[in-house]
Every structure is written in C-alpha cells, then in structure tokens.
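Numbering (my numbering), first residue to last: 3 to 229. Glycine included, each C-beta is placed from N, C-alpha and C at the ideal position. The structure under discussion appears below in the form of structure tokens.
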Amino acid sequence: MANRRILVVDDEENLRTMLVAALRYEGYDVIQAADGAEGLKAVREHRPDLVVLDVMMPHVDGFQMCRRMRESGDRTPVIFLTARDSSTDKVEGLTIGGDDYLDKPFNLDELVARVEAVSRRVEHAPSASSTYTVADLVLDDISHRVTRGGEEIQLSPTEYRLLQHLMRNVGRVLSRGQLLEAVWGYSPDDDPSVVETYIGYVRRKVDTHEPKLIHTIRGAGYTLRAP
Numbered sequence: 003m004a005n006r007r008i009l010v011v012d013d014e015e016n017l018r019t020m021l022v023a024a025l026r027y028e029g030y031d032v033i034q035a036a037d038g039a040e041g042l043k044a045v046r047e048h049r050p051d052l053v054v055l056d057v058m059m060p061h062v063d064g065f066q067m068c069r070r071m072r073e074s075g076d077r078t079p080v081i082f083l084t085a086r087d088s089s090t091d092k093v094e095g096l097t098i099g100g101d102d103y104l105d106k107p108f109n110l111d112e113l114v115a116r117v118e119a120v121s122r123r124v125e126h127a128p129s130a131s132s133t134y135t136v137a138d139l140v141l142d143d144i145s146h147r148v149t150r151g152g153e154e155i156q157l158s159p160t161e162y163r164l165l166q167h168l169m170r171n172v173g174r175v176l177s178r179g180q181l182l183e184a185v186w187g188y189s190p191d192d193d194p195s196v197v198e199t200y201i202g203y204v205r206r207k208v209d210t211h212e213p214k215l216i217h218t219i220r221g222a223g224y225t226l227r228a229p
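Pasting the structure below:
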C-alpha cells in the first residue's frame, strides 16, 4: 500500500472529503476531483494507481469518464460508487472497464477493503503484453531479451527486473521506496541507496546514446519515458 496513489472523483463535497480523509488515514496518497472533466485531467497529470469514481455527476459522469480513459488506452483500475442499485447499471459499469462496484450508502471499511482487493488483483495479474517498447528500447518478457536500436543489451537479473518495472510504468515517476518494494521486495523504509546504485548500472547499459530514456526527478524518484 505504501505510496499508492488514489484519485477520488465525486461531486458531493461532504462525501468526497470523508472518502479522502478515510483513505489518507489508511496510508494512501489521495488526490481528488469534483467531476469527470476534472477527473480526466487529474488522471493525466497525477497518474493514480486506482480511481474511486462516482457514477452520477453533472457534465461528464463516471461512466463517460471511465469510457474515455479506456478509449485512450488507460487501464488504471476503477471502483464505481453509485446510489443506483440496478443490475443493468452494474453490468454497464463493468462492461466499459470498471473493476468493482459499490452501492451508496456504504461502510468506509468496505471501501478500503475493496480498494486493497482490487489493487492486489491488478498487481498480481499477468501482463496483457509480453513486449514493452519505448522509443528504440524493446524488452521481450518471453525471450527475456532487451535490445536498443536492434542491439542486444546484457542485464543481470536484478537490472532486468528494474528496467522491466520502469517500462511497465512508462511515464510514471516512481519513488525509491516504490522501486525498492517492487524490485527487491524490501520495505520502503529500508536503505534506498541500492536503488540509486542499480539505476546507475542500468543507465550505463541502456542510455549509451541519445535520447536518454531514464530520468531522475529531483525529490521524487525516477521515470522512464520517451522524449
């Protein structure tokens, strides 16, 4: 759960404030938006790990927001909140790409449990693709092969896992703690210097020519992105 970012989108200010407070109390990094239009902007700017999304909102409602996310290729998990209990609405929400559904009124403990369950399910799901490509850098999970500009790059198992995690999260800034937990299985509270060391190793093998793909974001962490 450490450093996991949740976006709460709901036009009811009192409920939104309560949800934000409850999730922050559980240790999540929480951002919020008052409607679907603001929510889409927040997804682009903050790249949350999960979206808690109200269905019934003015202008851009929850279904429309989720549909636009999926049409753009964004697979961020979505948990719908709604006052409507129709099975048709639930089917529609799940059909357009929702991951779970919670009827209002609900218990905050249940919401937290759903957030944790969806997060675990997504983290342990096999990737839909075995190949990741950023600029001329290609990682093939089936052959366990990495190339850049057509030339093969030899990586140690740890270097491979680090690059794989960066490429799976292309464009997202990952903190040292997040990388330490994902790649090494250590607590984010452990010494993060190992991350800096291995970032250096991978850079020396991957970024031998322009454009540079691995970037340090001062005070935040690292990201891999195309120019």
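Quick one: which unbroken beta strand (DSSP E) runs of 3-plus residues sit fully inside the region 112 to 182? Chain order, please. Counting only runs that start and end inside the region 112 to 182, the beta strand (DSSP E) elements of at least 3 residues fall at 133 to 136, 139 to 142, 147 to 150 and 153 to 155.
Compute the distance between the beta-carbons of L21 and D12, then report whether it is under 9 Å. A contact, by the Cβ cut-off of 9 Å.
Less than 7 Å between C-beta atoms, sequence neighbours within five positions excluded: which residues of the same chain meet that for H61? Closer than 7 Å at Cβ, skipping near neighbours: D37, G38 and A39.
Identity of the residue in Y200, E153, L182 and A222 nearest H211 by Cα: Residue E153 is the option with its Cα nearest to H211.
Comparing alpha-carbon positions, which option in Y27, D63, D209 and V32 lies nearest R150? Taking only the C-alpha atoms, the option nearest R150 is D209.
Give the DSSP-derived three-state secondary structure of R7 in the structure shown. Here R7 sits in strand by DSSP.
Decide if S129 is buried, meaning its Cβ has at least 16 other Cβ atoms within 10 Å, or exposed. For S129, the predicted model reports a pLDDT of 49, less than 50, meaning its position is unreliable and no value from the coordinates is stated.
Go ahead and pull the three-state DSSP assignment for P229. When DSSP states are grouped into helix, strand and coil, P229 belongs to the coil group.
Could you tell me if V120 is buried or exposed, where buried requires 16 or more neighbouring beta carbons within 10 angstroms of its beta carbon? When all chains shown are included, V120 counts as buried.
Quick one: give me the first and last residue of the beta strand (DSSP E) that F65 is part of. Looking at the DSSP string, F65 is not in any beta strand (DSSP E); the run it does join, the alpha helix (DSSP H), is G64 to E73.
Going residue by residue through the region 14 to 40, where are the continuous alpha helix (DSSP H) segments of at least 4 residues, counting only ones entirely within it? Within the region 14 to 40, the complete alpha helix (DSSP H) runs of at least 4 residues are 15 to 27.
Report the residue from R206, K207 and N171 whose alpha carbon sits nearest the alpha carbon of G223. For G223, the closest of R206, K207 and N171 by C-alpha to C-alpha distance is N171.
My output table needs one value for M42: the three-state DSSP class, helix, strand or coil. Here the sequence assigns Leu to residue 42, which means Met is not the residue at that position. Of the three classes helix, strand and coil, the one that applies to L42 here is helix, per DSSP.
Whose CA, out of N109, G75 and S74, lies closest to the CA of L83? Closest option to L83, Cα to Cα, is N109.
Considering V197, what are the terminal residues of the alpha helix (DSSP H) in which it resides? Where V197 is concerned, the enclosing alpha helix (DSSP H) stretches over S195 to V208.
Could you tell me the distance, in whole angstroms, from the CA atom of E28 to the CA atom of V204? If I take the Cα positions, the gap works out to 34 Å.
So, with DSSP's three-state summary, where would you put H48? Look at H48 here: in three-state DSSP terms it is helix.
What did DSSP end up calling G95 once you bin it into helix, strand or coil? G95: helix per DSSP, three-state reduction.
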